[in-house]
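Numbering (this note's numbering), first residue to last: 1 to 466.
Ideal placement from N, C-alpha and C gives every residue a C-beta, glycine not left out.
Okay, structure first, notes after.
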């Protein structure tokens, strides 16, 4: 059975948008192949844990509709799914490696490790551990018995070529001379990522390791661990890293990187996933917009390009706008109401406003800026109307007499006032628009006034700029 996973670390504010991309690809690949998708929490770096981050990651994945078959919340037969709860498992397998001489104890101080690496840099040698403790294990064990801190390191053979096939990148070769004797168990008893990921992937029967290209350099270490245990390798596929429009690595200095930020801005989950699907992959029919079911049908890892794709928020906004235009008005109303729960919007006004604003907004957070005047009287005006009091009063008096309060009737009455006052239509309607909304640009004026109602419009005209 195809089994994929992601193993996010709760060390930031949320799940990174790049990790959301990886999660989506893993989830879709598992679904395409009638497999299982697992979410495992990698919380072994105790110094960087952020309180609440784990729950934030899980809730964000759920908000995007990415639902694991096995996880901390869902459970499953291969748990626990939180690495901090699996320490005895890692200890057991570390001891197995030590017994096979595939790993060894190390008690070198940080000062010594730093000096060794600095000396290697001077000699223009790849800086790495010099295996000092490997040849003195009896002495090292005696020191450990006295209580000295220690780590467990992987014993990597020198000048050995590690070769593996990547579904996206083809054959990759890395010589072990470029690899360090990786720490497997830290001095606090917790495993490093490298130890935990291999043990967990094997025990959880992960068939395909689909992750970002930044892990390519670590893959030989993982392969050596698989070989040391005598385990069958999974299939590897390293996805391209998302890039900024200037081709630099996606970072919070240039782009919002937390996946929840996009939800907070009113991007629709389906639109974001559609956009992420296009990162490095293209639809066989060159479509840009397609739903999740179609993506599952057409997606293959072999069609993913290795070159770093550009994650452009402006392009995402365009795509989100396309999704908004296709949503049924009744569903869009619910999304707006859910997005603005703190404002307690009038449901009827939201419903009436949607035909006027739907093609004007690219994300939900823009709704209030465009349609907020339908719910609250403007406090500020983009143009001074103090010299237009007489005109505004005339319009108010005229509209107060209107019996059939419809957009067409409102427009006809105002045109007559403009003609009577000999005010150019452009100037006249701009004045009315600002008096009603406070803004120079709004949804259609007559229709907006119909929504507001006669009494409200008259009061706004009489009270504008006062």
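Under 8 Å between C-beta atoms of residue i and residue j
{"i": "residue 183", "j": "residue 192", "result": "yes"}
{"i": "residue 240", "j": "residue 206", "result": "no"}
{"i": "residue 98", "j": "residue 61", "result": "no"}
{"i": "residue 213", "j": "residue 238", "result": "yes"}
{"i": "residue 5", "j": "residue 57", "result": "no"}
{"i": "residue 178", "j": "residue 122", "result": "no"}
{"i": "residue 356", "j": "residue 248", "result": "no"}
{"i": "residue 204", "j": "residue 373", "result": "no"}
{"i": "residue 402", "j": "residue 454", "result": "yes"}
{"i": "residue 421", "j": "residue 391", "result": "yes"}
{"i": "residue 365", "j": "residue 266", "result": "yes"}
{"i": "residue 275", "j": "residue 316", "result": "yes"}
{"i": "residue 155", "j": "residue 102", "result": "yes"}
{"i": "residue 32", "j": "residue 3", "result": "no"}
{"i": "residue 358", "j": "residue 325", "result": "yes"}
{"i": "residue 399", "j": "residue 375", "result": "no"}
Residue i versus residue j - alpha carbon distance
{"i": "residue 250", "j": "residue 243", "result": "5 Å"}
{"i": "residue 397", "j": "residue 17", "result": "55 Å"}
{"i": "residue 255", "j": "residue 124", "result": "36 Å"}
{"i": "residue 215", "j": "residue 445", "result": "56 Å"}
{"i": "residue 109", "j": "residue 196", "result": "24 Å"}
{"i": "residue 426", "j": "residue 289", "result": "39 Å"}
{"i": "residue 114", "j": "residue 199", "result": "29 Å"}
{"i": "residue 308", "j": "residue 246", "result": "11 Å"}
{"i": "residue 75", "j": "residue 136", "result": "44 Å"}
{"i": "residue 226", "j": "residue 277", "result": "31 Å"}
{"i": "residue 434", "j": "residue 25", "result": "48 Å"}
{"i": "residue 20", "j": "residue 410", "result": "50 Å"}
{"i": "residue 173", "j": "residue 370", "result": "56 Å"}
{"i": "residue 157", "j": "residue 51", "result": "40 Å"}
{"i": "residue 297", "j": "residue 462", "result": "60 Å"}
{"i": "residue 313", "j": "residue 319", "result": "10 Å"}
{"i": "residue 293", "j": "residue 185", "result": "42 Å"}
{"i": "residue 350", "j": "residue 323", "result": "18 Å"}
{"i": "residue 220", "j": "residue 181", "result": "12 Å"}
{"i": "residue 211", "j": "residue 450", "result": "54 Å"}
{"i": "residue 228", "j": "residue 263", "result": "44 Å"}
{"i": "residue 261", "j": "residue 44", "result": "26 Å"}
{"i": "residue 416", "j": "residue 424", "result": "11 Å"}
Three-state secondary structure (DSSP) of residue i
{"i": "residue 38", "result": "strand"}
{"i": "residue 543", "result": "Lying outside 1 to 466, the shown extent of the chain, residue 543 is not represented and no answer is given."}
{"i": "residue 306", "result": "coil"}
{"i": "residue 154", "result": "strand"}
{"i": "residue 258", "result": "strand"}
{"i": "residue 105", "result": "strand"}
{"i": "residue 336", "result": "helix"}
{"i": "residue 235", "result": "strand"}
{"i": "residue 82", "result": "strand"}
{"i": "residue 16", "result": "strand"}
{"i": "residue 183", "result": "strand"}
{"i": "residue 382", "result": "coil"}
{"i": "residue 149", "result": "coil"}
{"i": "residue 457", "result": "helix"}
{"i": "residue 44", "result": "coil"}
{"i": "residue 65", "result": "coil"}
{"i": "residue 112", "result": "helix"}
{"i": "residue 437", "result": "helix"}
{"i": "residue 265", "result": "coil"}
{"i": "residue 429", "result": "helix"}
{"i": "residue 464", "result": "coil"}
{"i": "residue 229", "result": "helix"}
{"i": "residue 372", "result": "helix"}
{"i": "residue 406", "result": "coil"}
Sheet register partners of residue i (DSSP bridge)
{"i": "residue 3", "result": "36"}
{"i": "residue 249", "result": "243"}
{"i": "residue 170", "result": "166"}
{"i": "residue 209", "result": "236"}
{"i": "residue 161", "result": "175"}
{"i": "residue 298", "result": "None; residue 298 has no bridge partner."}
{"i": "residue 70", "result": "38"}
{"i": "residue 191", "result": "185"}
Any non-hydrogen atom of the ligand PLP within 7 Å of residue i CB
{"i": "residue 108", "result": "Looking for the ligand PLP in the displayed structure turns up nothing, as the structure carries no ligands at all."}
**OP:** Examine the Cβ distances between the stretch 374-389 and the stretch 427-441 and report whether three or more of them are shorter than 8 Å.
**Re:** A contact exists between the stretch 374-389 and the stretch 427-441.
Subject >> At least three beta-carbon pairs within less than 8 Å, the stretch 65-77 to the stretch 113-123 >> reply: Three or more Cβ pairs closer than 8 Å define a contact, and the stretch 65-77 falls short of that threshold against the stretch 113-123.
Original post:
Any contact of the stretch 302-312 with the stretch 279-290, i.e. 3+ C-beta pairs under 8 Å?
Top reply: Verdict: yes, contact present.
**OP:** Take every Cβ of the stretch 34-52, pair it with every Cβ of the stretch 71-91, and state whether three or more of those distances are shorter than 8 Å.
**Re:** As far as the Cβ criterion goes, the stretch 34-52 touches the stretch 71-91, which means the pair count is three or higher.
**OP:** Assess, as a yes-or-no matter, whether the stretch 100-109 is touched by the stretch 142-155 under the definition of 3 or more beta carbon pairs within less than 8 Å.
**Re:** Yes, since at least three Cβ pairs between the stretch 142-155 and the stretch 100-109 fall closer than 8 Å, the two stretches touch.
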